[in-house]
Amino acid sequence: MTRSIGLLGLKLLVSGGLLYWVLGSIDRDALFDAVITLDPIFVLAAFGALVLQYPVGALRWFEILKLLDFPLAWREVFRVHLVGVFLNQMLPSALGGDAYRVWSTGRVGNGWGKAVSSVLLDRVAALLILILLLLAMLPRLVDILPGGPIVGSLTVLVCAAAVSIPVFFFVARPVAKLLEMNRFTRRLGPIARNADLLWSKGAASFRIAGFGLLTQLSTAACVWLIALAAGANVDFFTMLGLTLPVLLTLALPISIAGWGVREGAMVFALGLIGVSAETGLLVSLVWGGLSLVGGVACGIAFLLQGSERHKLAVYAAENANLSERED
């Protein structure tokens, strides 16, 4: 419990500190003027693009569960995924959505190992697609960004990440064998061994990649539509290229639901193409606000049911007991 509170405090410090720094470096009157001129039609369209991620993300996880021979119905997968989205937005440090997905699927009796593998592989699949898409957009970024160390550093990082992908798959099975030889790490072996399912299963692997691609494109479309609502003159592919590095920074679990990190990264990214800091901050705040609204909507959709509230209460109690035992 003490460690959980400490981590929560650290994330609050990061989010609060970054938000304070960003807000202190902009013209607040200009930000207010930008807020009152937002186009609500574009904002609603952005929310629609954001919501598209929820069924697509659930479909990607559903395909991975099928590859692991985990017989979970689509309706249940979609329900658990939506509750996970809600938890990621509302209680990211104590009751994370990924932990809930593992708990909710593992307790049905099909194996905790497969439940953990499915969620980890889902995250890995999303990250790999993000890296590959960023690699594909690299020529575009080189064209639109000012020359200098930023472009050079980004090129090196993206290329290094892309090269690491085949290395990751190549070493997965040898690592699995090493893990299985030790009784303390034996349970981690199947997780590493299942990594090649992401690329070696033909049509299923293509479907997982396709759903991952749609998720990234819908996120970029959401941010692009918000930028248009704020009056920024940015085309979709430019916004796609700028959004991908921001998403990569958001993969770091160092803040509360990405707040602060997202704002700083978006102000910096849009500033590289001449968009004002006030507009960049507004785009990021609306993006975060829509994500929060979407997460709350996911929770309301299921938590109004008594059975779902009971299940979440059981999960919270078990999580609290586990934290107390660790302390």
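If you want our numbering, it's the position in the sequence shown, counting the first as 1, plus 1. Every residue gets a Cβ at the ideal spot worked out from N, C-alpha and C, and that includes glycine.
{"Check": "Stretch-stretch touch, CB-based, cutoff 8 angstroms, three pairs: the region 237 to 248 with the region 263 to 272", "Outcome": "yes"}
{"Check": "Where T186 falls: helix, strand or coil (DSSP)", "Outcome": "coil"}
{"Check": "Supposed close pair V159, L136 - CB separation, criterion 8 angstroms", "Outcome": "5 angstroms"}
{"Check": "Beta carbon of A196 nearer than 9 angstroms to that of A173", "Outcome": "yes"}
{"Check": "Proximity below 9 angstroms, CB of R61 to CB of A126", "Outcome": "yes"}
{"Check": "Simplified DSSP state of A95, which is helix, strand or coil", "Outcome": "Unreliable positioning characterises A95 in this predicted model, as indicated by a pLDDT of 45, which lies under 50. A coordinate reading is not provided."}
{"Check": "Pairwise C-alpha distance: Y55 and A95", "Outcome": "Any reading at A95 is ruled out, since the residue's pLDDT is 45, under 50, leaving its predicted position unreliable."}
{"Check": "Residues near F87 in its chain [Cβ-Cβ closer than 6 angstroms; skip 5 each side]", "Outcome": "G296, C299 and G300"}
{"Check": "Residue closest to V120, alpha-carbon to alpha-carbon, out of G97, I132 and I257", "Outcome": "G97"}
{"Check": "Sub-9 angstroms separation of I65 and L198 beta-carbons", "Outcome": "yes"}
{"Check": "Spatially closest choice to L241 from I255, A258 and T216, by CA coordinates", "Outcome": "T216"}
{"Check": "K115: first and last residue of the uninterrupted alpha helix (DSSP H) it sits in", "Outcome": "W113 to I145"}
{"Check": "Enclosing alpha helix (DSSP H) for D28 [first to last residue]", "Outcome": "Counting along the chain, D28 falls outside any alpha helix (DSSP H), and DSSP gives it neither H nor E."}
{"Check": "Rounded distance between the beta-carbons of L13 and I257, thought under 8 angstroms", "Outcome": "6 angstroms"}
{"Check": "Per-residue DSSP class, three states only, for V235", "Outcome": "coil"}
{"Check": "Residue environment, I227, which counts as buried when at least 16 other CB atoms sit within 10 Å", "Outcome": "buried"}
{"Check": "Inter-stretch contact at 8 angstroms, needing at least 3 Cβ pairs: the region 177 to 192 / the region 141 to 153", "Outcome": "no"}
{"Check": "Span separating the alpha-carbon of Y101 from that of P147", "Outcome": "43 angstroms"}
{"Check": "CB of I166 within 9 angstroms of CB of L139, strictly", "Outcome": "no"}
{"Check": "8 angstroms contact criterion, which L283 and A231 should meet: CB distance rounded", "Outcome": "5 angstroms"}
{"Check": "Chain B within 9 angstroms of A228, Cβ atoms only", "Outcome": "In the structure shown, chain B cannot be found, because there is only a single protein chain."}
{"Check": "Residue closest to V36, alpha-carbon to alpha-carbon, out of G203, E181 and L286", "Outcome": "L286"}
{"Check": "CB-CB length for F303 against R108, believed under 8 angstroms", "Outcome": "Actually they do not touch by this definition, with Cβ atoms about 17 angstroms apart."}
{"Check": "Delimiting residues of the alpha helix (DSSP H) encompassing K202", "Outcome": "Neither: K202 is in no alpha helix (DSSP H) and is coded neither H nor E."}
{"Check": "Same chain, Cβ closer than 7 angstroms to V224, neighbours up to 5 away in sequence not counted", "Outcome": "M240, T244, V284 and W288"}
{"Check": "Rounded straight-line distance, which links the Cα of L73 to that of L273", "Outcome": "46 angstroms"}
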